[in-house]
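Protein chains: 2
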Amino acid sequence: MIETTPAPPRVEDIQTEILRRICFVEYQAGDQLKEAQLASEFGVSRTPVRDAISRISHLGLVETRNGVGTVVRQLSKAEILHVYEVRLELATMIGTLSPRTISQDDIATCEALVADVCELSERFDAKHYVHINHKLHEFIASLIGNDVLRSFWWQTYYQAASTWYQLGDVLGSRAANALVKETTEIKAALENGDMRAVGYVQRIHIGYGFEHIKKHLLADIDR
Amino acid sequence: MIETTPAPPRVEDIQTEILRRICFVEYQAGDQLKEAQLASEFGVSRTPVRDAISRISHLGLVETRNGVGTVVRQLSKAEILHVYEVRLELATMIGTLSPRTISQDDIATCEALVADVCELSERFDAKHYVHINHKLHEFIASLIGNDVLRSFWWQTYYQAASTWYQLGDVLGSRAANALVKETTEIKAALENGDMRAVGYVQRIHIGYGFEHIKKHLLADIDR
DNA sequence: AAACGCTATGCTGCATACATCTATTCTGTC
DNA sequence: GACAGAATAGATGTATGCAGCATAGCGTTT
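Top to bottom, those sequences are chains A and B.
If you're matching positions, the first sequence starts at 708 in the numbering used here and goes up one per residue.
If you're matching positions, the second sequence starts at 708 in the numbering used here and goes up one per residue.
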């Protein structure tokens, strides 16, 4: 048997992992991302880590200042508002801009998601919720036929996720119940071959989420 | 008098300059961006140049392959279609998502643009057209109140620009005449304090542009 | 005691050397 | 002459050293 050292992660892997940690709130606002520390953790030099951080900087989730470091940003209330405003609009576009044709595989994947979500709603667990919600996002993104829209959908997901998942602790099982409805409705839409309905379902449920965000976090927003 | 060497450009400057050259078609599809060459041109090492290229890679305008190089991509017909589809939708959102309040300065800036465009329409010049159209884009972007939308507006501009400016040679002064109407209508909308109308004007004129693109470039698109 | 300034420390930003990958060219053999 | 394989050139990917900047702590001065 040959001893193999695992291949070192590429820049994209590091980028994805850092983003994952931010939107899953493993890194919290104010936390410092030290290049040297991450480099040793991933078993590479500072160079690819720097590259990964640099690539995600345009999302506004981290702020790098010379001589100080890279810190995870707390999005302002206005920024959170803006992200959700855009996400509402993007959702409906999922069903209208070059929609993909729906395959049996898609429906099967969705059915598996429904099952996972039902299990979650019976025994709620915050970490599990985050994980399943992420899988749902990946699934929806995979249904988007328009490349640009899919990119934007991911970008706003990354921007909104940490805010939303922080609320997960507050909402508890109510969030899981909402997921049950959402996935069930998506499954029905897919079975009808109705991508436009899929977009509307997303639009509606993001709207519900937005309402919770506004109630809990954006109480005194000055537009 | 003190001799001062000009400050070396920062990563953001390099990034902007490379993007400018791509969307102004100074770099054409297939051209190779060599890090060492750009580094010596900008008077820096390869490191910041690499960073700049890496940051713009998510727009899909360049493709970097190990051992080969970074080449400017020709967007596929489907990608061009997707960019325009999204741009049409984003345009209307300019007027509806957290619109900025309009100041007298905005109107003054717009009046200056109208003047520039009128001069252009009398003596058409392709390079001049590109420059003015870019200034118009910058102006519209500055009117957008929603941070995320503004970012997306810029991203789709970069993605669509090179395609559009290639058509500039074909359309000639007709493009300038369209710009006269567009800027005049925007000015009127601003004077009415009607940001929603500004968005619709953008939507309409992007639609015109889209028609030209479809006629000239997307003849046999297989959706 | 307060305020100022100096210094030590730790981080990022850049430059450079080296490793690795790819395409091409040259060469030897059939 | 054609083809296979090795050598080569040139590009990106990575590691590392050093310079510059910001901050915190401490000592000095007023």
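Even glycine gets a Cβ: it sits at the ideal position worked out from N, Cα and C.
Just so we're clear, the structure is a prediction, and the values are computed from it rather than from any experiment.
Secondary structure at residue 909/B: helix, using DSSP grouped into helix, strand and coil.
Across the stretch 772 to 790 of chain B, CB contacts with chain A closer than 8 Å involve 785, 786, 788, 789, 790, in sequence order along the chain.
Within chain A, no C-beta atom comes less than 9 Å from the C-beta of residue 902/B; the nearest is roughly 13 Å away. Residue 776/B: member of the beta strand (DSSP E) spanning 776 to 779, first to last residue. Residue 790/A has its alpha-carbon roughly 28 Å from the corresponding atom of residue 817/B. Taking 8 Å as the threshold, the shortest C-beta distance from residue 792/A to chain B falls below it. Every alpha helix (DSSP H) stretch that sits fully inside the stretch 729 to 781 of chain B and reaches 4 residues is listed by chain position as 742 to 749, 753 to 763. Interface residue (Cβ-Cβ distance to chain A less than 8 Å): residue 727/B is not classified as such. Note that the stretch 763 to 773 of chain A does not touch the stretch 897 to 909 of chain A; fewer than 3 beta-carbon pairs, one per stretch, sit closer than 8 Å. DSSP places residue 725/B in the helix class (H, G or I) of the three-state scheme. Under the 10 Å beta carbon count, residue 754/A is surrounded by fewer than 16 other beta carbons and is classified as exposed.
Think of a sphere of 8 Å around the beta carbon of residue 762/A: the chain B residues whose beta carbon falls inside it are 761, 762, 764, 765, in chain order. The continuous alpha helix (DSSP H) containing residue 875/A extends over residues 854 to 878. At a cut-off of 8 Å between beta carbons, residue 855/A contacts chain B. In the three-state scheme derived from DSSP, where H, G and I count as helix and E and B as strand, residue 714/B is classed as coil. Under a 10 Å Cβ-count criterion, residue 806/B is classified as buried, with 16 or more other Cβ atoms of the shown protein chains found around its own Cβ. Assignment of residue 920/B by DSSP, reduced to helix, strand and coil, places it in the helix class. The closest CA to that of residue 819/A, considering only 787/A, 749/A, 891/A, 908/A, is found on 891/A. Contact check for residue 729/B and residue 869/B: beta-carbon distance about 6 Å, within the 8 Å limit, so the pair qualifies.
In chain order, 833 place their CB closer than 8 Å to the CB of residue 876/B, counting only its own chain and leaving out the 5 sequence neighbours on each side. CA-CA distance, residue 908/A to residue 881/A, rounds to 18 Å.
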